[in-house]
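Notes to accompany the following structure.
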Amino acid sequence: MSESPNEIDEIRAQKREELASQLNGDETADESEEEASVPGEPIHVNGSDELQDAISTYDVVLVDFYADWCGPCKMLEPTVESLAASTDAAVAKVDIDRNQQLAQQYQVRGVPTLQLFSDGDAVEQVVGVRDESTLRSLIEQYL
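The sequence shown: position 96 = 95 (numbering that gives the first Met the number 0), numbered continuously.
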């Protein structure tokens, strides 16, 4: 989790570059936005600002609300990591014990809860463990 500030800084820097290109009238700005590199591993989010940055940076974001003590969350972790590595969606992880306000904001009543965002809007919520193909199909509906 100590890497999360660096990941967020990289996202912010990339977004600043894209915005600067757009302001300068650079025609490649749209191309770079479409090809914004999605992290190959989950982004560990700590706080509302970091989650908003991720949601606004990427077109499709799957947010895994989890707890360290949760057995089903541990079972789901390899699936979440695989989706991060193999889909064009960004994957974020939110520890509900460290981010209780975020959990309340997104009405997380049980863990694991997966919230899918598309173009900044919450579009789907799944509670409980699901297999990778089900989650991949859900993500692909919004890509």
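C-beta atoms are modelled at their ideal positions from N, C-alpha and C, and glycine is treated no differently.
It should be emphasised that the depicted structure is a prediction, and the values quoted were computed from it without experimental measurement.
CB-CB length for residue i against residue j, believed under 8 Å
i, j, result
"Leu-82", "Val-90", "6 Å"
"Asp-78", "Leu-137", "This sequence places Thr at residue 78; Asp is not what is there. The pair is not a contact, with the Cβ atoms about 12 Å apart (cut-off 8 Å)."
Proximity of residue i and residue j at Cβ, strictly below 7 Å
i, j, result
"Pro-71", "Val-128", "yes"
"Leu-115", "Leu-50", "no"
"Asp-87", "Val-37", "yes"
"Gly-119", "Ser-55", "yes"
Residue range of the beta strand (DSSP E) that includes residue i
i, result
"Val-59", "59 to 65"
"Ile-42", "42 to 44"
"Asp-94", "89 to 94"
"Asp-120", "120 to 126"
"Leu-115", "112 to 117"
Spatial distance of residue i from residue j (CA atoms)
i, j, result
"Ser-117", "Leu-142", "8 Å"
"Asp-29", "Glu-123", "Its pLDDT being 44, under 50, Asp-29 is placed unreliably by the model, and the measurement read from it follows with that caveat. Cα to Cα, the separation comes out at about 27 Å."
"Val-126", "Ser-47", "21 Å"
"Glu-16", "Leu-22", "10 Å"
"Lys-92", "Ala-12", "21 Å"
"Asp-67", "Gln-104", "20 Å"
"Leu-113", "Asp-63", "5 Å"
"Asp-8", "Lys-14", "10 Å"
"Val-107", "Leu-18", "33 Å"
"Gly-109", "Glu-139", "25 Å"
"Asp-96", "Pro-111", "12 Å"
"Gln-146", "Cys-69", "No information on residue 146 is available, as it lies outside the stretch 0 to 142 that the chain covers here."
"Ser-132", "Met-74", "15 Å"
"Asp-52", "Ala-84", "20 Å"
"Ala-121", "Asn-5", "25 Å"
Run of the alpha helix (DSSP H) containing residue i, from where it starts to where it stops
i, result
"Thr-78", "70 to 85"
"Ser-132", "131 to 139"
"Ser-55", "47 to 56"
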